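*Asks:*
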Amino acid sequence: MTPKFTCETIPLHSTASDATFEIDVWRYFHPDATKTVYLQAGIHGIELTGIPVVHEFMKEIEANQLAYNFICVPLSNPMGLDSQIMGVQTGYNNLHTNQQNCWNWNRIGNLKDEPSQEGRWIKTLLDLSAPADIVLDL
Numbered sequence: 003m004t005p006k007f008t009c010e011t012i013p014l015h016s017t018a019s020d021a022t023f024e025i026d027v028w029r030y031f032h033p034d035a036t037k038t039v040y041l042q043a044g045i046h047g048i049e050l051t052g053i054p055v056v057h058e059f060m061k062e063i064e065a066n067q068l069a070y071n072f073i074c075v076p077l078s079n080p081m082g083l084d085s086q087i088m089g090v091q092t093g094y095n096n097l098h099t100n101q102q103n104c105w106n107w108n109r110i111g112n113l114k115d116e117p118s119q120e121g122r123w124i125k126t127l128l129d130l131s132a133p134a135d136i137v138l139d140l
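Last residue of the sequence shown? That's 140 in this note's numbering, and every number before it is there in order.
1) When the Cβ atoms of the region 23 to 30 are set against those of the region 70 to 79, are three or more pairs found closer than 8 Å?
2) Taking only heavy atoms of the ligand MG into account, decide whether any of them is closer than 6 Å to the Cβ of residue 16.
3) Would you give the residue range spanned by the beta strand (DSSP E) that residue 6 belongs to?
4) Buried or exposed for residue 120, please, with buried defined as at least 16 other CB atoms from any protein chain shown within 10 angstroms of its CB.
5) If residue 14 and residue 123 are in contact, beta carbons under 8 Å, what's the gap, nearest whole angstrom?
6) Would DSSP call residue 42 helix, strand or coil?
Take a look at the structure:
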């Protein structure tokens, strides 16, 4: 039996040149699952190693009968991955948000009405991981 899955694309924002940034969320459902595992990769943009690992793990989920539900976000920070100036990767310094990694992650309770693009992105990832019993950030 192959686990049932869905894929959802969540738009994050568009740039002035109309480039869009979005994340794909893969949800795998097992009928006997009692726990949910959340896997995300690429949170810091240029930290690429976790991205193919999550993709390979998704193949394992599809091929094997792991009795868990999985929520997989293989590329959780497309803006960070795209942060380049003249073809040189600049990293995850929020090039698209004009902020310098000064986000206060301890404000989680205040994110429901967060107006900034970065705050909405953080809230999206937190909301996706909230139902999980196990959270892994690769």
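Glycine residues also receive a C-beta, built at the ideal position from the N, C-alpha and C atoms. Treat the numbers as computed from the prediction; the structure is a model and nothing was measured.
*Replies:* For this structure:
1) Yes: at least three Cβ pairs fall under 8 Å.
2) No copy of the ligand MG occurs in the structure displayed, which carries no ligand at all.
3) For residue 6, the enclosing beta strand (DSSP E) stretches over residues 6 to 16.
4) Its Cβ being crowded by 16 or more others within 10 Å, residue 120 is buried.
5) Going by Cβ atoms, the distance from residue 14 to residue 123 rounds to 5 Å, so yes, they are a contact pair.
6) Correct three-state label for residue 42: strand.
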